[in-house]
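Protein chains in written order, with the numbering used here: chain G, 5 to 667; chain V, 323 to 742. Glycine included, each C-beta is placed from N, C-alpha and C at the ideal position.
Set out below in structure tokens:
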């Protein structure tokens, strides 16, 4: 019930309240009026009746004395029937002192209901009593007829109440009519008034509903005077850089003279905001209108801003991803990214980021998470296009909040071409190294070849001399030949694998393997140059993720540099100087360390920072390109490793390369 | 346009109706009672009229004229087996007495209808009672206007009104005789005033006025003052509304004083009595209007079969001479009986009145026709004129003859004599 009450419209609420008020007042007034009227009318009636009765008593006295009942009858008849009396007087009758009715004005036998009246007679003055006669209310007024002090008769005047009833009925009708009229007028007025309130409110409600649905073009015509907004007329609307005085905060500090913000308006006459004089409804309408205009402005600004940033994202030259850190899925990608990876946009969205680069991305993500709020830059990661086609990328990722989710924004740069060039460079360098190693390699190969030659010549000789070779001796020679062939093959194999273009994929690798393989390549040469090796290779090293070939390159470079260093020192040292190169591998925490040390000239502090720079060399022009350490550094970094130098000028150098143990 | 919620409006009205609760009038319809004054064997009528006193002749003759016919009807078996009985009380032309008598007739005697009342003040006095008791009153020996206007359903007038009488007379006087100086002599009571008004109205039609008005107090014979006034005015005709005694005295004195004029009396004055009292006065022209034709027949009828009234009067009241007053009574009885017949055996007061109203051109007697309708309770409309000739009022045939006589009379008085 209460809810239904609440749902009644304002117009009806006001109307019913007014009606209720009127009703209450009317009821009160009606009852009051009726009470006053009826009581005073009854008093009047009694008075009139009394006057008639007294008149009859006065004039009829003589007739009574003369016992002239005819004249008496004529008298009371006149009194009863004359003009308006007929409506007022119901009957008159006169009795004598013995309660005999002498004359009455009835046209039927004297009514029995009035018999009781005969017994009662007033001592003096009058007696008033109400009774019912023929279903009509009648007031009987009794007055004695006296001759002097002596009672000679009694006169009864019966007054009809219908007189009063008629008056009251008339009052009732008039009252009803009046009240109905009042109600109609009030209905009309209240209707009008509330309409002035409810209509604008309903309109405002409708308009705001439209606006909440996004329809901003709806006419804000509330009073019929609007022609519609011409948005190009507002300079702040068309140019977002221009502030709107109403909309943008005017800095309070700027008001040096404590003046009115309105004085700092940009527009002299704002076409859109306004405040009119008027009642609450008008003010509401104006305020609403202002609000709508502000919303329009704000939306425009927002949409402009959105367009701006959208264009940056969509038209940006670099492929950009947004990845949700919690789900590791791609939640946005710009068109360049879509082109780069070859997936259609809808396939890319929601795809797990790890799918793009199974080997590298997981580690990348964990590194990113642990980096805190900083950005992470990773180079030469392998990602895969659609169709499992791999390519190299540099990834730069920064944390962000994207639509309320913690995410990272990554910019991906395709470096495959660069990598290929790098690889070519490395290859070129390798070739050069190979060239450097050629003397040693040739020497290395010569030994087994000589041995083979010796063996085969021995056998030939025996055959030529027709000497017999005993089985044991024969077997030994042949076995020696075979193993020397194996040795040569191994050297060649090593050479081949060294010269081969590196594989791109990483593998789980025991660090000792590339070390040993490089050793086989360079040992002989080093020994030729009187360089002594010290080896401390740990066993049971955990594997690392790297590429054998590449690591060989690294260690080869480092060993070459170590050779150069000790040779350089040897040029200035005496014969006591013993050229020593150390090779060690060990596990330190979770990192695998490979140390290449020498007791050569050392690296001065000034140079330490620069040596990894490409094209930086301390050698004379023509002796080296300065790329070796740069390449080394690059390769180490590629595999997530680290390279450190421990050196003092004149004492020696230790290069420490560390790799994380593969998980 | 505001939409008036019909519900709201009716709700409001209902509220108002409910709140202004006042005692409803408890007027109930009167219960249907059996028709008073009617039994299987008789119908009882009541009458209060002047049977004694200075107007006793009028009442007596009216009653006898009526009774003559009613006795005859009873002899024939009555109406639908019911005999008609008339209870008559004498009121001596006194209104209070008439009132008391009528109340008695209604309450105690329980009569069916009132019948044959005589006189203006008496009949007018009982009108409220007739109204309240809703009892028909038929046949009043008075031409008073108060009985005709305002229209009253319970009053059935048979004889024409004084207005009708005086209008006819004045018309003849002015148009046929060319007389312009007309005075009025009247009894100083309602009857007299009525006649005066009638004469004035009639004269107004011609753009004239009474040249003088003279009156006398009812019951007295003090006519001298009035006579002097009228004589001094130089009136050529006098319209007289009074009773026979004072009127006779007036004419006698006028003759003695040499005042010659046409003395026109209304019917109520009483032709026979007036004639008797004017024996010996032959130098005055005295005319009287009558509402019934002379009892011995309309012109052309004289000497032939006596009218029913004459015969019946001779039968039941031998010794009574047929007279105008009685003929009126007879006419009343004729209308009454016809009405009772038409009302049928199931007699009621309302039915009786409806029956009366259905009568059109009913032949009351020779030369007498009565017509009624729901709006017209005036039965007869014809006015006859009689002239006093040889101690008798005879039907007048020619006004021009009267005119000549008048001029002759005037000429006789003109030289030397004339007005003192």
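Judged by DSSP in its simplified three-state form, residue 16 of chain G adopts helix. Residue environment for residue 423 of chain G: buried (at least 16 other C-beta atoms within 10 angstroms of its C-beta).
Burial is judged here by how many other beta carbons sit within 10 angstroms of a residue's own beta carbon; residue 70 of chain G has fewer than 16 and is exposed.
With fewer than 16 other Cβ atoms from the protein chains shown falling within 10 Å of its own Cβ, residue 578 of chain V counts as exposed. Here residue 440 of chain V has 371, 372, 377, 380, 381, 384, 415, 462, 463, 464 as same chain residues with Cβ atoms under 8 Å from its own Cβ, once five neighbours each way along the sequence are excluded. Neighbours of residue 133 of chain G in chain V, taken as residues whose beta carbon is under 9 Å from its own, are absent, since the nearest beta carbon is some 18 Å off. Around residue 455 of chain V, the beta-carbon contacts reaching into chain G at under 7 Å are 111. Distance from the CA atom of residue 207 of chain G to the CA atom of residue 313 of chain G, rounded to whole angstroms, is 37 Å.
Taking a contact as a CB-CB distance under 8 Å, the pair residue 433 of chain V and residue 359 of chain V counts as one, their CB atoms being some 4 Å apart. Unbroken alpha helix (DSSP H) runs of no fewer than 4 residues, entirely contained in the stretch 500-587 of chain G, are found at 516-532, 552-576, following chain order.
Classified as buried, residue 532 of chain V has 16 or more neighbouring CB atoms from the shown chains inside 10 Å of its CB. In the DSSP assignment, no residue is bridged to residue 299 of chain G. Residue 136 of chain G and residue 50 of chain G have their C-alpha atoms some 16 Å from each other. Along the stretch 61-77 of chain G, going in chain order, the ones with a CB nearer than 7 Å to a CB of chain V are 73, 74, 75, 77.
Counting only residues of its own chain and dropping the five nearest sequence neighbours on each side, residue 80 of chain G has a CB closer than 8 Å to the CB of 60, 64, 96, 97, 98, 107, 108, 109, 159. Note: residue 410 of chain V is bridge-paired with V/369 in the DSSP secondary-structure output. Residue 616 of chain G sits in coil when the DSSP states are folded into three classes, being neither helix nor strand.
In the DSSP assignment, residue 402 of chain G falls within the beta strand (DSSP E) that extends over 393-406.
When DSSP states are grouped into helix, strand and coil, residue 510 of chain V belongs to the coil group.
Per DSSP, residue 647 of chain V lies in no beta strand (DSSP E) segment; the continuous alpha helix (DSSP H) that holds it begins and ends at 646-665.
Taking the CA atoms as reference points, residue 548 of chain V sits about 11 Å from residue 562 of chain V. Interface criterion met: the Cβ of residue 81 of chain G is under 8 Å from a Cβ in chain V.
When DSSP states are grouped into helix, strand and coil, residue 153 of chain G belongs to the coil group. C-alpha of residue 729 of chain V to C-alpha of residue 387 of chain V: approximately 39 Å in a straight line. When the Cα atoms are used, residue 421 of chain G and residue 579 of chain G turn out to be separated by approximately 50 Å. Listed as beta-bridge partners of residue 337 of chain G by DSSP are G/325.
Cβ-Cβ distances below 6 Å link residue 632 of chain G to 561 in the same chain, with the five nearest sequence neighbours on each side left out; the list follows chain order. Taken atom to atom, the span from the alpha-carbon of residue 602 of chain G to that of residue 587 of chain G is near 9 Å. For residue 85 of chain G, a Cβ of chain V is located within less than 8 Å of the residue's own Cβ. The closest CA to that of residue 442 of chain V, considering only V/721, V/469, V/452, V/421, is found on V/469. Pairing residue 282 of chain G with residue 9 of chain G, the inter-Cα distance amounts to about 31 Å. At least one C-beta of chain G is nearer than 8 Å to the C-beta of residue 422 of chain V. Of the residues G/323, G/489, G/352, G/239, the one whose Cα lies closest to the Cα of residue 305 of chain G is G/239. Residues of chain G with a Cβ closer than 8 Å to the Cβ of residue 681 of chain V do not exist, since the nearest Cβ in that chain sits about 27 Å away. Here residue 464 of chain V carries a coil assignment [DSSP, helix/strand/coil]. Taking the Cα positions, residue 301 of chain G is about 37 Å away from residue 378 of chain G.
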